[in-house]
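Just so we're aligned: the sequence shown equals residues 1 to 122 in the UniProt record's numbering. A virtual CB, placed ideally from N, CA and C, is assigned to each residue, including glycine.
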Amino acid sequence: MNASAPASVVATPTLAWRAVCTRDDLVADSGVVVLLDGQQIALFYVPGADGNPLYAIENRDPKSGANVIGRGLVGHLGGSLVVASPLYKQHFRLADGSCVQYPEQSLRIWQARFNGDTVEIA
């Protein structure tokens with residue numbers, strides 16, 4: 001190994017956090033939908049959840065094509081925090097968007113956080 005060779009640096013992408021609503025707009029253990037760059041995003045605030053209590057997931061149900069995920073019921077299934085689609089009742093994991101019953105179905109997720117009383121997603 002050449003002692004004078006520079007160490008390689010791996011750049012990590014910087015997240016672009018964007019404000020979408022306030023904490024007062026959220027309903028505990030339920031979903032609300034925001035529109036960001038033409039994309040409907042369902043926000044779920046789960047105060048008793050381990051780690052971050054805020055989840056951002058695609059609002060469009062992949063089976064029906066309807067924008068209804070934000071109206072789904074939140075619960076636990078198989079050790080995972082999930083939302084049930086109101087139409088066909090399939091369950092999507094809030095942490096990663098994967099479907100419990102149909103592995104070929106998934107929803108896009110965004111990182112979400114509170115910045116004071118502002119809700120931000122990236």
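Where residue i falls: helix, strand or coil (DSSP)
i: Arg108; result: coil
i: Gly75; result: strand
i: Gly31; result: strand
Top-ranked residue by Cα proximity to residue i, from the options
i: Leu36; options: Ala49, Leu26, Gln90 and Ala19; result: Ala19
i: Asp29; options: Gly78, Ala84, Asp61 and Cys99; result: Ala84
i: Leu77; options: Tyr55, Ile109 and Val100; result: Val100
i: Lys89; options: Gly31, Ser80, Asn115 and Gly72; result: Gly72
i: Thr14; options: Gly116, Gln111, Asn115 and Thr118; result: Gln111
i: Asn115; options: Val27, Asn52 and Val33; result: Asn52
Alpha-carbon to alpha-carbon, residue j and residue i
i: Ala5; j: Gly70; result: The pLDDT assigned to Ala5 is 49, lower than 50, so where the model puts this residue is not dependable, and the model offers no usable value.
i: Phe92; j: Val46; result: 15 Å
i: Ala122; j: Ala16; result: 5 Å
Neighbourhood of residue i by C-beta distance below 7 Å, restricted to the same chain and skipping five residues each side
i: Thr118; result: Ala19 and Thr22
i: Ser106; result: Gly97, Ser98 and Cys99
Residue i: CB within 6 Å of a non-hydrogen atom of the ligand SAH
i: Gln101; result: Absent from the structure shown: the ligand SAH. Ligands present: none.
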